[in-house]
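Here's the structure, in structure tokens; my notes come after.
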Amino acid sequence: MKFLALILTSILLITPAMAQTNYSLDKANSTMMVTGTSSVHDWESDVESFSGTATITSAENVIESIDLLKVDVVAESVKSGKRIMDNKTKDALDVENNPTITFAFTDVEEVTANSVTVAGKLTLAGVTKDITLTGEYAYNTDGSLWITGSQPVVMSDYGIKPPTAMMGALKTGDEVNVEFNIRFSQN
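Taking my numbering, the leading residue of the sequence shown gets 3, the next gets one more, and so forth.
In structure tokens, the structure reads:
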């Protein structure tokens, strides 16, 4: 019996402590922005309303596995501060029929000491596509987790016609970039 206790104690001391933690997106300390180009000038829109949850197992501040990672964006909250552009964005995203943009994690592809690449499904304007998303991450001393990165999105892949204005003189580019700096706090 003493021998079994000695083996179990040795295993526990050698194996790094791993903890599965549930997180909620801390909107007050997170940002998300969409940037793009047009025939006249570059543009940007802030994402004003989004939420998310995650369940992550880590050891010594390194992600070991992800069981859940989901981020929801209120489509109508993507705003540039310019009324005409905001209306064009709402129309392009068809917010009346598709009020939420969602990224839902499906699998971990690669983890390093400071970056993670995941596969997931992005639902945008009612169309769902598989994407691969890479972000850098860091744990804070309070146990919260920062994930930062950017993701290109081709609007036409989601059936979105890039908006135009001024009777077609202003045309937006088909590819936009979603930049995110998200803090997940422990539940």
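Beta carbons: idealized from backbone N, C-alpha and C, even for Gly.
Original post:
Does the distance from the CB of T143 to the CB of S40 come in under 8 Å?
Top reply: no
**OP:** Name the two residues that bound the continuous alpha helix (DSSP H) containing N89.
**Re:** R85 to L95
Subject >> Whether N100 touches G122 by CB criterion (8 Å) >> reply: no
Original post:
Per the contact definition of three or more C-beta pairs closer than 8 Å, is the region 41 to 57 in contact with the region 67 to 86?
Top reply: The region 67 to 86 makes contact with the region 41 to 57: 3 or more CB pairs, one atom from each, lie closer than 8 Å.
Subject >> L15 (DSSP reduced to helix, strand or coil) >> reply: Model confidence at L15 stands at a pLDDT of 45, short of 50, so the residue's coordinates are unreliable; what they give is reported in the following sentence. Helix at L15.
Original post:
What are the uninterrupted segments assigned as beta strand (DSSP E) that are 3 or more residues long and contained completely in the region 28 to 56, given in chain order?
Top reply: With a minimum length of 3 residues, the continuous beta strand (DSSP E) runs that stay inside the region 28 to 56 are 33 to 38 and 45 to 49.
**OP:** Tell me D74's beta-bridge partners as DSSP assigns them.
**Re:** S53 and T104
**OP:** Would you tell me roughly how many angstroms separate the C-alpha atoms of S32 and F182, rounded to the nearest one?
**Re:** 8 Å
Original post:
Whose C-beta lies closer than 7 Å to the C-beta of P154 among residues of the same chain, with five residues either side of it excluded?
Top reply: Once the five neighbours on either side are set aside, the close Cβ partners of P154 are E177 and N179.
**OP:** Could you pull out every residue in the same chain whose Cβ sits closer than 6 Å to the Cβ of N63, ignoring the five residues on either side in sequence?
**Re:** Y141
Original post:
Just how far apart, CA to CA, sit A112 and A21?
Top reply: A small correction: the amino acid at residue 112 is Glu; Ala does not occupy that position in the sequence shown. Approximately 19 Å between the Cα atoms of the pair.
Original post:
From G38 to L27, what distance separates their C-alpha atoms?
Top reply: 25 Å
Subject >> D159 - DSSP class collapsed to helix/strand/coil >> reply: helix
Original post:
What is the rounded straight-line gap between the Cα of N24 and the Cα of V42?
Top reply: 45 Å
**OP:** Out of D44, E66, T136 and G83, state which residue places its alpha-carbon closest to the alpha-carbon of E50.
**Re:** Answer by Cα proximity: G83.
Original post:
By Cβ distance below 6 Å, which residues in the same chain neighbour V110 in space, the five residues on each side in sequence not counted?
Top reply: I68 and V120
Subject >> Beta-bridge pairing of G122 - partner residues as DSSP gives them >> reply: The secondary-structure analysis by DSSP pairs G122 across a beta bridge with F107 and I133.
Subject >> Close Cβ partners of T130 (< 6 Å) along its chain, the five nearest in sequence each way excluded >> reply: K123
**OP:** Report back the beta-carbon spacing between V80 and V36 to the nearest angstrom; my notes put them in contact at under 8 Å.
**Re:** Rounded, the Cβ-Cβ distance is 6 Å, consistent with contact.
**OP:** State the DSSP-derived secondary structure class of S146, mapped to helix, strand or coil.
**Re:** Looking at S146 - three-state DSSP - the assignment turns out to be coil, as it is neither helix nor strand.
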